[in-house]
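Residue numbering for the sequence shown follows numbering that gives the first Met the number 0, starting at 0 and increasing by one per position. No residue lacks a Cβ here, since even glycine has one placed at the ideal position from N, Cα and C. All values reported here derive from a predicted model rather than from experimental measurement. Accompanying notes for the structure given below.
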Amino acid sequence: MKALAIALGLAYAAGLNLYATVGLLGLAGRLGWLGPLPANLLWLTDTWVIAIAWLLFLVEFVATVTPGVSTGWETFHSLVRPPAAAVIAASVVWRDDAHMILIAALFGGVLAVITHTAKLGLRYALDSSSAPRAGILTNLAELALVSAVVLLVWQYPIPTLLVAIAILVGFVVVARVVLRVLRQVFTGHWMPGCGLLQEPRTGTAAVGPTEDED
């Protein structure tokens, strides 16, 4: 169960940001911040792997704060992050029996799809709002979450995974609210002010017939 929790935690992180996850795993494993990495993940500690992972992370950081590019980048990575997350999850438990490897790969891939989809929805909202500053803050928060999961899941696998899933649930709720509000704003059904969508008023109000007219 501990190994499976670690595998799912890494898949969760990879679904959010694959390059940061790989770069952190390689760097932390090389510097001894983590316990010994599984044999099938030792290649992540190679210098060229760490360098390429962090270079791609920087490219992704710039791409995801550029309006018009962010959604294209995130949509393309729908084909990249879930399979890579499944491979990382399977590599963690590779020495176990075939059933555990299959479970880790399947559940890791599904969890990565969920985290990536939630992130994709928020990216669509931010990209449509043309708010680069919000994109930068989102990237920093994402890096902090990925770093916490990658580094803590080795020492506290089950608590870290449960907290990460709780954060994901809140993340999904926030993303849905943001998307709903932006959809209402852009379709003209909601505006931040009282009376802005009221019917035009005339200078005189219509009145009914008076007693004299009767």
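By the Cβ criterion, the segment 30-43 is not in contact with the segment 100-108, since fewer than three pairs of Cβ atoms, one from each stretch, lie closer than 8 angstroms. By the criterion of a C-beta distance shorter than 6 angstroms, I5 is surrounded in its chain by V91, V152 and P156, once the five residues flanking it on both sides are discounted. Within 10 angstroms of the beta-carbon of A97 lie fewer than 16 other beta-carbons, which makes it exposed.
Rounded to the nearest angstrom, the gap between the Cα atoms of V58 and L161 is 30 angstroms. Within 10 angstroms of the beta-carbon of P81 lie 16 or more other beta-carbons, which makes it buried. A residue is called buried when at least 16 other Cβ atoms come within 10 angstroms of its Cβ; G134 meets this threshold and is buried.
In terms of Cα proximity to G14, the closest of W47, H115, A88 and L40 is H115. Put simply, of L3, W72, L40 and D126 the residue whose alpha carbon is nearest the alpha carbon of T20 is L40. Here DSSP, grouped into helix, strand and coil, assigns V152 to coil.
Just measuring C-alpha positions, the residue of G120, F106 and V168 sitting nearest L7 is F106. CA-to-CA, the gap between L23 and A50 works out to about 11 angstroms. For the pair T65 and E73, the CB atoms are not nearer than the 8 angstroms cut-off.
The Cβ-Cβ distance between L43 and G25 falls below 8 angstroms.
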